[in-house]
Amino acid sequence: MLHFFSRSETLFAVVQGLSAGNIKLMRLFRMIKLVRLNRLKQLLAAIQTAFPKSVYITAAAQLLTVFSLFAHISACLFFYMAYGMADPDGTEYEKWLYFNGWVYEDGILDEKGDLRPHAPGPWISAFYWAVTTMSTIGYGDISPGTAPERVLGMFLMAGGCSFFAWVTGKLVSAQIQI
Amino acid sequence: MGHQAKSAMQANRQAERGEVEAEERDGATLPTATRDPSAQEGIDDGDILREAQIALGGHPFGVPETDSPSRSVGANSGPANGDAHAPAPASVRRPRRPKLVRRLSTYEERVQIMVKRRREREEQEEESNRGNTPAKAWFYPSLFWGLPPNVHTRQDGAKALQAWDVIIAVACLYQGFMVPFSLCFEKLYLTAGSDANTSEQCLFAPNVAIHPDAPFFISRYVDVVVDFLFIVDIGLNFVSARWVLEVEPMEHWQLYDNISDISKLYVTDGSFALDFLGSLPVQYLNCIPVGSRKMTRYIRTPHMH
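Quick look at the structure:
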């Protein structure tokens, strides 16, 4: 066992497999950086402690920040499902994902995977979808079509409901404190 | 959070009444204005009680003043500041207990326990630090809004800490936006004909020049600055004093300014682990040179067309 791990070729192979073979998986490690948002949470709490009488303003700032970040992360993941995982020139499954995904269906990217002129940008469209879904408005003009998008959509719907329940609780508690 | 805000509001109410919040640890000269002269006789722990009430700046729960007419002289466990839950008559004197029983029924008892503990802790500190003074914090955060500034409380570098907090908040917002965005949108903004997997940020890899047309060219350099800021922030957290809301035996703010105490707090409340995890340079993981001959290129920048 020790001999196995002491061989440098094995170590190289593991590192290579991690960094080259599953390069998409490797990139997801960068999401670890998001735990730094804990610091932002501490700062927002400190502001609320420092200005207890402006609880509406501090609560609004807090909610806006959390809402924007949550919607932004969901929007980025939604785009990743339709374009990062998919490929118009890739394998058959990747092609299928692309041509049934929302970015192609809604006319944001063309069949080569390039931006269409005058079309709304992919970020703004994805953010719009995230906000309409989280707020349970759900226009349905942009809707998840493939399996990954639908999985993400389900999580976002559940998360959005919880988020708005949390917001309501926050506002009520702010009112009670005043 | 709501809890903290609530107690800060209560502290603010006390401050509006003009009472002085004094840190008992430093307080050699405590103000005597709030002393009730009739309460001095016949109380066993009257000194402790008075001292603590002055140190705390009044009742922490926003109940009316102590010198109300309903308060009786010498009531060690009598009606506490209009507390309706302990309506013991003044004439009935409770037999003195040999030991302090941990039944936190009245305000006075809680204050006594707190002051006793504080004294014990200070004595222990003095004994353990005999001969050598403990290392103190470099920076002291400001008091909370509404509390009167106290001469006994140091506020070294409070403004600088506030400015630093603003910088860190902006850096946090940048990271919160940029990390998922660069992760998911990088492929779209690559120029045609390039490899789709050039997500690496190999700034420090030798012999690699990132092309100016590469996606998020600027943000790779900003990321280095932000990483540096967060590492400095971890260091600052180890040397900045802390106000901690303690609930045992009653709610009060406690200042911790020994370096050892601050470090222990920072590590044990889990924020150090999160900060450290967030500062790991995971974005450079793809830049590790691997053994294969085909993989000796560190980064594949998009081609110019």
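Residue numbers (this note's numbering), protein chains in the order written: chain Z, -17 to 160; chain V, 25 to 329. Don't be surprised by glycine CBs; every beta carbon is placed ideally from N, CA and C. It should be emphasised that the depicted structure is a prediction, and the values quoted were computed from it without experimental measurement.
- Using a Cβ-Cβ cut-off of 8 Å, PRO104 of chain Z counts as an interface residue toward chain V, since at least one Cβ of chain V sits closer than that to its own.
- Where ARG143 of chain V is concerned, there is no enclosing beta strand (DSSP E), although the alpha helix (DSSP H) around it starts and stops at 131 to 152.
- Every unbroken stretch of the alpha helix (DSSP H) spanning 4 or more residues and falling wholly within the stretch 238 to 270 of chain V is given here in chain order: 241 to 263.
- Here ILE255 of chain V is exposed, its C-beta having fewer than 16 other C-beta atoms within 10 Å.
- At a cut-off of 8 Å, the C-beta of GLY142 of chain Z has no neighbouring C-beta in chain V.
- According to DSSP, GLN278 of chain V shares a beta bridge with V:VAL268.
- Of the candidates Z:ARG18, Z:ARG9, Z:ALA53, Z:ARG18 places its Cα closest to the Cα of PHE300 of chain V.
- Inter-residue distance for TRP111 of chain Z and ILE192 of chain V is about 30 Å (C-alpha atoms, whole angstroms).
- For GLN44 of chain Z, the uninterrupted alpha helix (DSSP H) segment begins and ends at 37 to 61.
- For GLN199 of chain V, the residues of chain Z that pass the 8 Å Cβ criterion are LYS15, LEU16, ARG18, LEU19, in the order they occur in the chain.
- Z:VAL113 is the residue among Z:VAL113, Z:ALA101, Z:PRO99 whose C-alpha sits nearest the C-alpha of LEU51 of chain Z.
- Using beta-carbon distances, LEU51 of chain Z counts as an interface residue toward chain V, with a partner under 8 Å.
- Residue state for LEU97 of chain Z is assigned as strand, using DSSP reduced to three classes.
- For VAL203 of chain V, at least one C-beta of chain Z is nearer than 8 Å to its own C-beta.
- One thing to note: ASP251 of chain V has its Cβ no nearer than 8 Å to the Cβ of LYS160 of chain V.
- At a cut-off of 8 Å between beta-carbon atoms, ALA193 of chain V makes contact with chain Z.
- Per the coordinates, the alpha-carbon of TRP277 of chain V lies some 6 Å from the alpha-carbon of VAL268 of chain V.
- In the structure shown, LYS152 of chain Z adopts helical secondary structure according to DSSP, grouped into three states.
- The residue from V:TYR131, V:TRP188, V:SER152 with its alpha-carbon nearest to that of ILE258 of chain V is V:TRP188.
- As far as DSSP is concerned, LYS77 of chain Z takes part in no beta bridge.
- The alpha-carbon of ARG134 of chain V is positioned some 20 Å away from that of GLU147 of chain V.
- By the Cβ-count criterion, ASN261 of chain V is buried, with 16 or more other Cβ atoms from all chains shown falling within 10 Å of its own Cβ.
- Using a Cβ-Cβ cut-off of 8 Å, GLN136 of chain V is close to nothing in chain Z; its nearest Cβ partner there is about 28 Å away.
- The C-beta distance from TRP84 of chain Z to ALA68 of chain Z rounds to 10 Å, too long to fall under 8 Å, and the pair is not in contact.
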